[in-house]
Amino acid sequence: AQGRACNSSLSRTELVPRARQKVPSEGMPPKQAPDYLILKRRQQETQRADYETFTRSAFKAENNAAWEIKTGGFIEQAKLKQRFESIREQDQLALDQRRRKLADMLGQEQAIFQQQLEEMDESPEQRKARMEARAFELKDKREQERLSFVRQQYERQWRMACDPLREQESKAILRATNAARAYQIGEKMAMLEAEEQETRLFDELWDQDRKAKLGREEREEEARRAMDADHKFVLDQQVSELHSYRAAERELSAEEANVMREQWDLERAEAAKVEALRREVMDAAQLELHAFNKLKRDQLASSVAEERDADLARLQAQLDMEKADEEREAAAREAMAKETRLFAEHMLAQKRALASREAEIDAAQKLELDKAWDKRLAVWGQEQEAREHLMAQVLNERKMQIQKKVEMEKVDKAKQAAARIRLEAELARVNEMEANKLEQGRQVRMEHRALLENQMKQKAFSKAAAQFNKSQERMAAERSEAAYQAMLADQMAKTTANMEKFSAN
């Protein structure tokens, strides 16, 4: 495959057979054959065919190499997929088999439960038979008990009526009673000996316990004295530390008070400076605002006056123009009337001159009058439209000026509001700084107070713990003494009872 790939880099000239390459001889001009173009064309076609053949062979070799390289992976992947499918199929078969097995077990259990439920439901005949069997069983049992009782009573009656048997029973009872009494006497003697030994043992134990308690009490007293001495030393040390701590606290409190007083003086001075600065800023802002408002009012009044004068001048010019137009229209109407009169006189003259053509003349006169009137109406309509257009332009300009003024007023108000908001934010920041300083001072005082309270609580807790320990020790001693007295009374009562039984026997 590498050889084929290397051969693919050959040029077209190398693919052409060397026999076909014609080399012109040196020193002579090349001479072209008559079929030179045909041969050249054939040579090119041959080269192209060779190149295509080589390209196809290289492509085929490349495909074969790629197939050989990739086929192993494809085969392994196919085997792996086949193995996976087989394992998956086996797992599915095992799962299906287990499901069927579980389904069969569930069906069997369901059938058993159904049969048990059916057996639990008794029919009237079964219930009747069971009750009859139970009745016969109880009847037989009651009869057997009656017979057994009768048999026992007969036997008792016979034993009571038999004198030799009663004499033997009396002797047996007497022997048993004597044996039991002798056993009880021996048992009592053994019990007394055991009790005496136990009493001696308890006495020895009590004496040992008493001596141990006396020694323990002495040791506890010595330990208590040592503990009291230690407590006294610790308390003296704590009292001295408390006095020194209180003295240091008083000095620290005095120093803190001085520092706080100086800090308060500085804060008051700073607050006075801030207040003066705020007042100056407020006064300057107020003066600036008043000056700005006054300037805006003056500008607004001057602009309103200028606009009013301009509107009046524009209106006067429009009125003068309309008056001139009306005068022109009046002159035109007068000229038209004069022309009409002249035309009427001329027509009357023509009418008088041409009486035979009266109808035609009337029609022509009417036509001319209509044309003149239509022309006059058109002129009047154009003039009215021009006046309306001019008035609409004036109103639009006035509306635009008013909108511009309103927008300028809005912008000015927004600027004033922004300046006021900035001023309020600055004041809020200054107030917040003052509040934070006051809060920090309050927190320091609260922490100092909490520290003192915790120390007082700790001292009180230590004192209460010491008192509780003393009370617990006293109660433990009382309980041990009470247990000892109870045990002594119990042993004395047992000894007295045993002696009374022995003396009675």
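Residue 301 in full-length UniProt numbering sits at position 301 of the sequence shown; the count goes up by one each step and never skips. C-beta: ideal position from N, C-alpha, C; glycine also. Treat the numbers as computed from the prediction; the structure is a model and nothing was measured.
Measuring straight from C-alpha to C-alpha, what distance separates residue i and residue j?
| i | j | result |
| --- | --- | --- |
| Y222 | F468 | The amino acid occupying residue 222 in the given sequence is Glu; Tyr does not appear at that position. The straight-line gap from Cα to Cα measures roughly 20 Å. |
| L295 | E409 | 13 Å |
| L312 | K399 | 16 Å |
| Y183 | T177 | 10 Å |
| A465 | M191 | 51 Å |
| D96 | Q108 | 18 Å |
| Q403 | E327 | 37 Å |
| W380 | K338 | 19 Å |
| A129 | A180 | 57 Å |
| K171 | E481 | 56 Å |
| Q458 | F233 | 18 Å |
| L377 | L342 | 21 Å |
| A194 | E218 | 35 Å |
| E345 | K375 | 21 Å |
| K405 | V304 | 10 Å |
| K413 | A254 | 55 Å |
| A229 | R479 | 27 Å |
| A418 | A425 | 10 Å |
| D207 | T199 | 12 Å |
| S244 | A276 | 46 Å |
| Q152 | R142 | 15 Å |
| R99 | D121 | 33 Å |
| Q299 | R420 | 22 Å |
| E89 | L80 | 14 Å |
| D50 | A66 | 24 Å |
| E68 | R48 | 30 Å |
| Q44 | D35 | 14 Å |
| R216 | E204 | 18 Å |
| Q82 | G73 | 14 Å |
| H231 | W264 | 45 Å |
| A61 | F54 | 10 Å |
| K211 | R246 | 50 Å |
Return yes when the Cβ of residue j is within less than 8 Å of the Cβ of residue i, no when it is not.
| i | j | result |
| --- | --- | --- |
| R278 | L427 | yes |
| Q401 | L289 | no |
| V430 | V274 | yes |
| D325 | E385 | no |
| Q318 | L367 | no |
| A372 | M336 | yes |
Measure the beta-carbon distance from residue i to residue j and round it to whole angstroms, keeping in mind my assumption that it falls under 8 Å.
| i | j | result |
| --- | --- | --- |
| A271 | E434 | 6 Å |
| R387 | E307 | Wrong, their Cβ atoms sit about 22 Å apart, outside the cutoff. |
| M227 | G441 | Not a contact, Cβ separation roughly 46 Å. |
Evaluate residue i with the Cβ neighbour count: other Cβ atoms within 10 Å of its Cβ, from every protein chain shown; 16 or more gives buried, anything less gives exposed.
| i | result |
| --- | --- |
| L452 | exposed |
| A269 | exposed |
| A1 | Reliability fails at A1, whose pLDDT of 40 lies under 50, so the model's placement of it is uncertain and no value is given. |
| Q21 | Here the model assigns Q21 a pLDDT of 42, short of 50, so the residue's position is not dependable, and the following value carries that caveat. It is exposed - the Cβ of Q21 has fewer than 16 other Cβ atoms within 10 Å. |
With respect to 7 Å, is the separation between the Cβ of residue i and the closest non-hydrogen atom of the ligand ZN below this value?
| i | result |
| --- | --- |
| K81 | Among the components of this structure there are no ligands whatsoever, and the ligand ZN is therefore not found. |
*In chain order, which alpha helix (DSSP H) runs of at least 4 residues are fully inside the stretch 247-292?*
Whole alpha helix (DSSP H) segments, 4+ residues: zero.
*Can you list, in chain order, the stretches of the beta strand (DSSP E) that have 3 or more residues and sit fully within the stretch 385-411?*
Runs found: none.
*Note down, one range per segment and in chain order, each alpha helix (DSSP H) of at least 4 residues found wholly within the stretch 67-102.*
The stretch 67-102 contains no whole alpha helix (DSSP H) run of 4 or more residues.
*asked:* Going residue by residue through the stretch 205-251, where are the continuous beta strand (DSSP E) segments of at least 3 residues, counting only ones entirely within it?
replied: Listed in chain order, nothing qualifies, since the stretch 205-251 has no complete beta strand (DSSP E) run of 3 or more residues.
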